[in-house]
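Heads up, the thing below is written out as structure tokens.
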Amino acid sequence: MKNRILGCALALLSLGFQACEDPIEPPVVVVEDKPTVELNFSALWNGSPLTFLSGWFEQPLTQKEYIQFFNFGMIVSKLSLVKEDGTEVLLGDGYQWIDFKKGRTQFKYEVPVGKYKSVKFMLGMDSAVNHGDPNQWGAEHPLNGNLTGMHWGWAGGYIFQAIDGNYRDSLTDKYSKGMSFHTATDVMVRSFEVPVGGALGAATFEVKDKATTSVGFKYHINRLYQGIELKKGSVSHSEGVKEMALMQKLLDNLQQNSAFEIAIP
Amino acid sequence: MNRIALLGLCLTLGLWSCKKDPKDPLVGGEPKVYQPTVIDPTSIFPAGKFGMPALPSDNPFTVEGVYLGRMLFYDPMLSFDSSISCGSCHRQENAFTETKRLSTGIYGLQANRNSSSLYNLAYSKKFFWDARQSTLRELVFEPIQAHNEMAMTLPLLAKKLGRTQRYIEYFDKAFGSKPNVFDMSKALEQFLLTLVSKESRFNAFFPGKFSLLNDSEKRGALLFNGLVDFDAVTGLTTGADCFHCHGGGLAQQNNPDMGGIANNGLDGNFPDKGYGAITGNPADRGLFKTPSLLNIEVTGPYMHDGRFATLDDVINHYSDNVNYLSPTISPMMAAHGNKQLKLTAQQKADLKAFLLTMTDTAFLANPAFANPFKK
């Protein structure tokens, strides 16, 4: 009996002490109360996820080359969804910095409900913005040059796409050679509209109220490299006759080889 | 009856323990009033320079907090034997680095790397040569506790601070607290974030007011900002491609993957693995944080190990001695095609003239950053 009483006393004492603790807040469960689209960008080489600083990706040329990626980022503007009726819905303020190495690849936007047929964007941006002050943007804005490092800082404006890495002629090579493709300058700005369902463009995805619709954006980077022999040119910073021609070829590849694909899970 | 009384006593005791301490300034009793004077961040990071950085939301600038941080920075009390302060190895006249190749800690012990310069830290997301820290608040604990630097223990430091009247006063003014190491790190963070260097001639003409440069500086600017290329007739380089890793008004790349953390071709093997020792990735061996070139005139000796005594040595390295076969060399340097720049003496002089425009004499002598204990 004595033990019971002592037990009760200790329990009450413990209850008393416990009452001192700050109340525990229940975990917050986020429920989308507005129609939302989640854009998920991914970079692929022949369908496999791109890796950085590991593995060598084979370039299927007559004389094969092997590429290792170090960095891959892009800045887009006028990022929009296009509705079935052709209405364009700007996502946020339209600017986005995608960095595949850092995994900055997932973005959520509130959009009107409805059926959408494509994703539209510019690789790069209008000339006035390109040559404006990169410090005018907020600390976390995609156009903040210090945040992204995707700005030449001098008169050149932004780097719209930066792909850096190494390549080898053979996997047994002892040393690698550098590869650096920086898309920049006004003449290299390109617009893209990527239809859902590929070139046929027959499909749509639907955004419903109070729900998040995931939209996959696949960048098939091997298609960017189609026919590019790195031993003939592994550097282009979009300036100079030779480097401009190489960059034009890369950008043409993007457009002609359907390097972008929209995938709805 | 006695048992009921015992139960009642226990319950009362338990609940009584909830009663707030009347001396606690936050909750009852006589409230202690502390109202630190908030500083508008736009006065530290004015528009038209580098833009507003992302600042720690839980540590707003206050006059008292910044001053407390400044006192702590210069106070030798922070070292075990009270012989050295942060300011001993981070001297204002040297843009908060020092002229020694490797710094000397307490008892004459030597630090492992060259002392980093300290300015415009609000724009960086990685700190130390090996980029191992992400916040200044965490950073400050490292040199304070390092055995070959200040060799202090945090409990002892808290005791020492708690016994010192000026800290009893200023911790209260800044944070409403008694001296403690957590608020100490926040005060140091505030002070370090205020170290903004923005008044160099370079920052006056950047980006593109070339008319403010003399001819040699102009030629140097073109080399600095030009992509590596060679004149077809003379064979001379027309660009040194410094800007990829030292671009923008900050003269520094802060994106680690765009040259912010890089191997600049110093070594073929790596006695100091740098960033590679942090990540464990062999591909990161020999990579170090890219420093800003602002104030480079006064920040020598240069590189993570202070191997280059002069700015001329640095220019000679990039002109003639880059190890392009270094296994982890920056892709942007490897893209130069294993070809040394071979700058002429005139080109080297021009490049140096341009680099010297980056000295911010106002920053180096700003009394707001000076040792408050020196009269």
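Protein sequences appear in the order of chains Y and R.
All you need for my numbering is the position in the first sequence, starting with 1, plus 678.
All you need for my numbering is the position in the second sequence, starting with 1, plus 243.
No residue lacks a Cβ here, since even glycine has one placed at the ideal position from N, Cα and C.
Burial state of residue i (16 or more Cβ within 10 Å)
i      : result
Y545/R : buried
K779/Y : buried
N380/R : Sequence inspection shows Arg at residue 380/R; the Asn mentioned does not correspond to that position. With 16 or more Cβ atoms within 10 Å of its Cβ, R380/R is classed as buried.
F883/Y : buried
Y310/R : buried
E540/R : buried
G502/R : buried
T602/R : buried
R406/R : exposed
Y903/Y : buried
P534/R : buried
Y853/Y : exposed
S726/Y : exposed
E939/Y : buried
S443/R : buried
D373/R : buried
P943/Y : exposed
Contact belief for residue i with residue j at Cβ below 8 Å, rounded distance in angstroms
i      : j      : result
N614/R : Y317/R : 4 Å
K896/Y : P713/Y : Going by Cβ atoms, the distance from K896/Y to P713/Y rounds to 23 Å, so no, they are not a contact pair.
G312/R : L431/R : 5 Å
K369/R : K618/R : With 8 Å as the limit, K369/R and K618/R do not qualify as a contact, their Cβ atoms being about 37 Å apart.
M575/R : S892/Y : Not quite, the Cβ-Cβ distance comes to about 35 Å (not below 8 Å), so this is no contact.
F785/Y : F870/Y : About 17 Å separates the two Cβ atoms, so there is no contact after all.
V439/R : F304/R : That belief does not hold up - the Cβ atoms of V439/R and F304/R are roughly 12 Å apart, past 8 Å.
L978/Y : V797/Y : Since the first and last residues shown for chain Y are 679 and 943, residue 978/Y lies out of range.
Q433/R : G348/R : Their Cβ separation, rounded to whole angstroms, is 25 Å, which puts Q433/R and G348/R out of contact at 8 Å.
T571/R : N506/R : 5 Å
A721/Y : F750/Y : 6 Å
H333/R : T342/R : The pair is not a contact, with the Cβ atoms about 12 Å apart (cut-off 8 Å).
Y787/Y : V715/Y : 5 Å
V424/R : L400/R : 6 Å
Sequence-distant residues of the same chain with beta carbon closer than 6 Å to residue i, five excluded per side
i      : result
A880/Y : none
G802/Y : F838, V867
N609/R : none
S420/R : F414, D426
P525/R : none
L929/Y : R868
Neighbourhood of residue i by C-beta, 8 Å cutoff - its chain only, sequence neighbours within 5 removed
i      : result
D510/R : G529, N566, S569
E921/Y : G911, V913, S914, H915
Q376/R : K369, F370, L382, E385
F453/R : K461, A464
L932/Y : L801, R868, F870, R901, L902, F938
L769/Y : V715, L717, L757, S758, L759, F785, Y787, V789
For residue i, the nearest candidate out of the options (CA to CA)
i       : options                        : result
G764/Y  : M925/Y, P873/Y, L908/Y, I899/Y : P873/Y
M906/Y  : K742/Y, K888/Y, K786/Y         : Looking at the sequence shown, residue 906/Y is not Met but Ile. Considering only alpha carbons, the answer is K742/Y.
D771/Y  : K756/Y, D864/Y, G792/Y, F859/Y : K756/Y
L924/Y  : T861/Y, L728/Y, R846/Y         : T861/Y
N844/Y  : G834/Y, W815/Y, L908/Y, G894/Y : L908/Y
S459/R  : Y277/R, A588/R, Q278/R         : A588/R
S636/R  : L352/R, S443/R, A338/R         : Outside the shown range of chain R (244 to 618) lies residue 636/R, about which nothing can therefore be said.
Y350/R  : T477/R, R356/R, R334/R, S326/R : S326/R
N538/R  : F445/R, G308/R, K402/R, T347/R : F445/R
G810/Y  : E788/Y, G835/Y, Y794/Y         : G835/Y
A937/Y  : E917/Y, V919/Y, I899/Y, P812/Y : I899/Y
N512/R  : P499/R, N498/R, D527/R, I521/R : D527/R
P450/R  : D847/Y, H829/Y, Q926/Y, D864/Y : H829/Y
D842/Y  : I521/R, A577/R, R356/R, A605/R : A577/R
V1008/Y : V865/Y, A941/Y, N935/Y         : Limits of chain Y in this structure are 679 at one end and 943 at the other, which puts residue 1008/Y out of reach.
T740/Y  : D777/Y, L728/Y, D847/Y         : D847/Y
Y561/R  : T542/R, I504/R, T480/R, N498/R : T480/R
S701/R  : A817/Y, T729/Y, I745/Y         : Because chain R spans 244 through 618 in this model, residue 701/R falls outside it and cannot be assessed.
Contacting residues, own chain, Cβ-Cβ under 7 Å from residue i (five flanking each side not counted)
i      : result
L466/R : G482, A483, Q590, D593, L594
Y277/R : D415, K416, G419
Q335/R : L607, F612, A613
V791/Y : P713, V885, K886, D887
T280/R : T305, V306, E307
Contact test: residue i Cβ vs the ligand HEM heavy atom, cutoff 6 Å
i      : result
D556/R : The ligand HEM is not part of the structure shown, which contains no ligands of any sort.
- [ ] Report yes or no: do three or more beta-carbon pairs, one from the stretch 552-566 of chain R and one from the stretch 595-608 of chain R, lie closer than 8 Å?
- [x] yes
Open item on the list: If contact is defined by three or more beta carbon pairs under 8 Å, each pair taking one atom from either stretch, is the stretch 823-838 of chain Y in contact with the stretch 484-496 of chain R?
Closed with: yes
- [ ] Would you be able to state if there are at least three C-beta pairs under 8 Å between the stretch 321-338 of chain R and the stretch 389-399 of chain R?
- [x] yes
Open item on the list: Count Cβ pairs between the stretch 480-489 of chain R and the stretch 733-740 of chain Y that sit closer than 8 Å; are there 3 or more?
Closed with: no
Open item on the list: For the stretch 359-379 of chain R against the stretch 291-307 of chain R, do three or more pairs of beta-carbon atoms, one drawn from each stretch, fall closer than 8 Å, so that the two count as touching?
Closed with: yes
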